[in-house]
Amino acid sequence: MARITASVYTSHVPAIGAAIDLGKTEEAYWKPLFSGYEFSKAWMKRNTPDVVFLVYNDHACAFSLEIIPTFAIGCAAEFKPADEGWGPRPVPVVKGHPELASHIAQSVIQDDFDL
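To convert a position in the sequence shown, counted from 1, into my numbering, add 162.
What follows is the structure, given as structure tokens:
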């Protein structure tokens, strides 16, 4: 049985990534937002998890407006950065865990979760 040790959230808009990529994190408009991340970054360095269950908005990168599921679980071995309007971001590929993701998907579907 897994043990959930934390839940970390942030605002998410494509402009945040663009601000990082364009070196704007110290500008007056962006500084309060990025300063707010320092506590979480320090905490995560001290409390490195075995697994991160990452929840995010697709921003119409993988799903079209013709099919938008309530929830979806990515079961791939890796997830490449998507183009959210400024080109793919220069960030690492997110490593997936197909076996764990498939297990979670199967478990929640069997419990009638809308997936």
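Where a beta carbon is used, it is the ideal one built from N, C-alpha and C, also for glycine.
What you are looking at is a predicted structure, and each value in this text was computed from that prediction instead of being measured.
Pairwise C-alpha distance: residue j and residue i
i, j, result
"residue 185", "residue 238", "31 Å"
"residue 168", "residue 196", "20 Å"
"residue 255", "residue 241", "6 Å"
"residue 265", "residue 224", "22 Å"
"residue 244", "residue 228", "19 Å"
7 Å Cβ cutoff, residue i in contact with chain D
i, result
"residue 186", "Absent from the structure is chain D; it holds one protein chain and no more."
Enclosing alpha helix (DSSP H) for residue i [first to last residue]
i, result
"residue 180", "176 to 183"
"residue 163", "No alpha helix (DSSP H) holds residue 163; DSSP gives it neither H nor E."
"residue 202", "193 to 208"
"residue 270", "260 to 272"
Spatially closest choice to residue i from the options, by CA coordinates
i, options, result
"residue 181", "172, 163, 170, 193", "193"
"residue 234", "171, 247, 275", "275"
"residue 165", "211, 189, 259, 260", "211"
"residue 257", "173, 219, 215", "215"
"residue 209", "163, 170, 175", "170"
"residue 213", "269, 271, 273, 261", "261"
"residue 178", "217, 202, 236, 246", "246"
"residue 199", "172, 219, 218", "172"
Whole-angstrom C-beta distance between residue j and residue i, which should lie under 8 Å
i, j, result
"residue 267", "residue 277", "6 Å"
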